[in-house]
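Chains A and B are the protein sequences, given in the same order. Counting from 1, position 204 in the first sequence corresponds to residue 199 in the numbering used here; the numbering is continuous, with no gaps. Counting from 1, position 142 in the second sequence corresponds to residue 137 in the numbering used here; the numbering is continuous, with no gaps. Worksheet: the structure to be examined is printed underneath.
Number of protein chains: 2
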Amino acid sequence: MPRRTAAVDRRAERDALDPRIPLHERVQEALRRRVEEGEFSPSSPLPAEGELAGAYDVSLGTMRRALAGLASAGLLERRQGDGTYLRRARMDGSLFRFFRHGADTDAVPGSRIVDRSVTRADEQVADALGCAVGAEVLHLRRHRLRGDVAFLVEDIWLPLPRFATLAERPLQEFANLLYPMYESECGSVVASASEELTVGAADAAEAPVLGCAEGEPVVVVERRARLHTGEVIEFRRTRGAAAGFRYRVEIR
Amino acid sequence: MPRRTAAVDRRAERDALDPRIPLHERVQEALRRRVEEGEFSPSSPLPAEGELAGAYDVSLGTMRRALAGLASAGLLERRQGDGTYLRRARMDGSLFRFFRHGADTDAVPGSRIVDRSVTRADEQVADALGCAVGAEVLHLRRHRLRGDVAFLVEDIWLPLPRFATLAERPLQEFANLLYPMYESECGSVVASASEELTVGAADAAEAPVLGCAEGEPVVVVERRARLHTGEVIEFRRTRGAAAGFRYRVEIR
DNA sequence: GAGTGGTCTAGACCACCCT
DNA sequence: GGGTGGTCTAGACCACTCA
C-alpha cells in the first residue's frame, strides 16, 4: 500500500499572522518558521508545491510565489523534476571571497586553532552577540596561514549553548572553513554578515605572528555573522599587518 | 485631445532572442536593452504594465514577471498607484553610507574642489576607465570636510567627452554629491561600484591637509563606479588618516 | 475617479528527473 | 509513466497615488 501523506491542515499557522500582510508573505513566514525549527533537511524534499498549497489552502500560484521568495532568500533550493530542498550553505559565496592579502590569489588561507576556551562575554562581545555581559561564550583563536606562515590572527566568539558541540570536539577535526561546521554541527546557517574595518597598531604579542614590528599599523576587521532571522551568532575580529593588505567590496 | 501612445508592436525585439529561453526572460532582456540605450528616464514612468504586455504580445502575468525581475536587479523601481521608473542612483544607499570617520555621525561630509584639469590618462587610470593610455580625461581634486576642516583628499578621473560639460561648469556650481550631477548634467546614472581598500603612508604634501605627520598610516579607498551596462565612468581615489577611520560593509 | 501596480486564483501545458 | 517544478495565460479584485 503506497505511503500517503495525510492532508494536514495548516491554515491555522497561516492565519496566526497579521492578516494585513499579503497571503503569500504569511505563507512564506509560516514555512520559514518550520524551516527554522529544523523540520526539513537538505537531503529529502519538502512536500510538493501542490500538496503545500492544499495544506495552507492557497492557490498553487500563491504557494509558488512563497516558495520562490524563500528560494531567492537562500533558504530553499528548487530543482525542476526533483523537488524543493532546504538549502545548504554555499561556501563559494561572497562571505569568503574578498579577503586578499599580499599575493594576488583568491585561495582560502589555511588555519590553525591555537586556543579554545569557554569565557564570559565582555561588554563588546555581549553587545555584538546580543547576550548579557558575563554570559558564557565559546572563544576560539586562530592563525590564518599562507603556506606555513601566519599572517592573520582571528578571535572568534560564539554564543552558548548553541555552539556547545564545538566546545567538545577535538581541535584536529575543525575544518578550514567554519561556517559549514556551524551548519553541520550546530544547525546554524550563516545568511548574512556585516564587517567594519579600522586601523590600529600591532601590540607586542601579535607583532611576531604577523611578521611586523610592534606599533606598526594593522588592519582590524570585525565581523558579525547572522542567521536568516538576523540573530548574530558569531562575532569575529581579524587582525593583519597593514602592509600588503587589500580588501575588496562590490557595491550594488 | 488626450495623448495616446500608439500601440507599438515590439514582438520583433522579443523574437530576436533565442526562443529556447523563457518568454519572460526574453521580454526582460528586450526591455533591458531599451533601458541601456537611454530610452527611459528616472523622471517619467515607463508605459503601464498592461500597455507593455500588449506591445510585446504577452500576458500581463508574464510582463509582470519580467518587470519584477528588472526591479529586483535594481534597474527599475515600481511604485504602486504611480508607475514603473528607471531607478536612480540611491543617494541614501550603501554607495554613500559607510564612510564614517572619527565622530559617530553619518552626515555627508562637505567638499571643496581644489583643482580641475584636463589631463592624459596614465596607466592605472586608463586601466580603470577602460580607455587608452594618454586619452584625455577630466581630473578633479577635492577636499572632504567636517565643518571647515579637511580630513579626506579625493582624486577623481572622468572619461571625456562623456563628462565634457563638467570641464566647463563653474566650480561654485558643483554640488556636494557628484553622482546626482553625473545624472543631471551628463545623463550617466551610477548603478554599481566596487571599492578596494589598502593602507599606505602619508606623503609630505597631503599630511598637513589630513592632519597627520608625514609617514603616518593613511587608508586609501579606490572606487570604480559603473553604469548599468558595467562600463566604468568614474575612478576615484580617496585618502584619509588611518587614525579614527572606520569603514562598514554589509554582506549578503 | 481614473489609472497604476499588487494580490490572488484557476488551470493548461511543458521540461525534467526518477525508476 | 508518474510526479516534480517551470512557464504562461486570463481575469477578478484590491490598494495606492495623483489630479
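Every residue gets a Cβ at the ideal spot worked out from N, C-alpha and C, and that includes glycine.
- Close CB contacts of His134/A within its chain, under the 6 Å cut and outside five residues either way in sequence, are with Ser112, Thr114, Trp152 (chain order).
- Note that the C-beta distance between Val148/B and Glu209/B is not below 8 Å.
- Assignment of Glu191/B by DSSP, reduced to helix, strand and coil, places it in the strand class.
- Assignment of Glu131/B by DSSP, reduced to helix, strand and coil, places it in the strand class.
- Taking 8 Å as the cut-off, the beta carbon of Thr79/B is found no closer than this to the beta carbon of Pro37/B.
- Shown here, Arg74/B sits in a strand according to DSSP, grouped into three states.
- The segment 7 to 27 of chain A makes contact with the segment 62 to 73 of chain A, as at least three CB pairs between them are under 8 Å.
- A direct Cα-to-Cα measurement between Val132/A and Leu155/A gives close to 5 Å.
- Annotation: Val216/B to Arg141/B spans about 18 Å, alpha carbon to alpha carbon.
- In the DSSP assignment, Gly235/B is bridged to Leu147/B, Val214/B.
- Each residue's CA atom was taken as its position, placing Glu226/B and Glu8/B some 24 Å apart.
- In the three-state reduction of the DSSP assignment, Ser67/A falls in the helix class, which pools H, G and I.
- Between the segment 184 to 200 of chain A and the segment 222 to 239 of chain A, the count of Cβ pairs shorter than 8 Å is three or higher; the stretches touch.
- Restricting attention to Thr57/B, Arg136/B, Val214/B, Glu118/B, the CA atom closest to the CA of Gly129/B is found in Glu118/B.
- Nearest neighbour of Tyr242/A by Cα position, chosen from His138/B, Arg218/B, Val3/B, Val120/B, turns out to be Arg218/B.
- For Ala220/B, DSSP records a beta bridge to Ala188/B, Glu229/B.
- Residue burial annotation: Arg157/B is buried, with at least 16 other C-beta atoms found within 10 angstroms of its C-beta.
- Closer than 8 Å to the CB of Thr160/A there is not a single CB belonging to chain B.
- Residue contact with chain A for Ser189/B: present (Cβ-Cβ distance below 8 Å to some residue of chain A).
- Taking a Cβ-Cβ threshold of 7 Å, the residues of chain B close to Thr193/A are Phe240, Arg241, in chain order.
- The CB of Pro212/A comes closer than 7 Å to the CB of Val194, Pro212, Ala237 in chain B, given here in chain order.
- If you draw a straight line from the Cα of Arg74/B to the Cα of Ala48/B, it is about 18 Å long.
- Taking each of Ile108/A, Asp4/A, Glu31/A, Val53/A in turn and checking the Cα distance to Arg164/A, the smallest one comes out for Ile108/A.
- Here DSSP, grouped into helix, strand and coil, assigns Pro154/B to strand.
- DSSP places Arg9/B within a helical segment (H, G or I) once states are collapsed to three.
- Take the alpha-carbon of Arg139/B and the one of Ser189/B: they are about 20 Å apart.
- Taking all protein chains in view, the Cβ of Ala237/A is crowded by 16 or more other Cβ atoms within 10 Å, so the residue is classified as buried.
- The beta carbon of Arg136/A lies closer than 6 Å to those of Val109, Asp110, Asp150 in the same chain, with the five residues before and after it left out.
- Between Ala196/A and Val213/A, the C-beta gap is smaller than 8 Å, which places the two residues in contact.
- Excluding the 5 residues flanking it on each side, Arg5/A has same chain C-beta neighbours closer than 6 Å at Ala50, Tyr51, in chain order.
- At the C-beta level, Met58/A and Glu72/A stay beyond 8 Å of one another.
- Inter-residue distance for Arg82/B and Glu46/A is about 39 Å (C-alpha atoms, whole angstroms).
- For Val53/A, there is no enclosing beta strand (DSSP E), as DSSP gives it neither H nor E.
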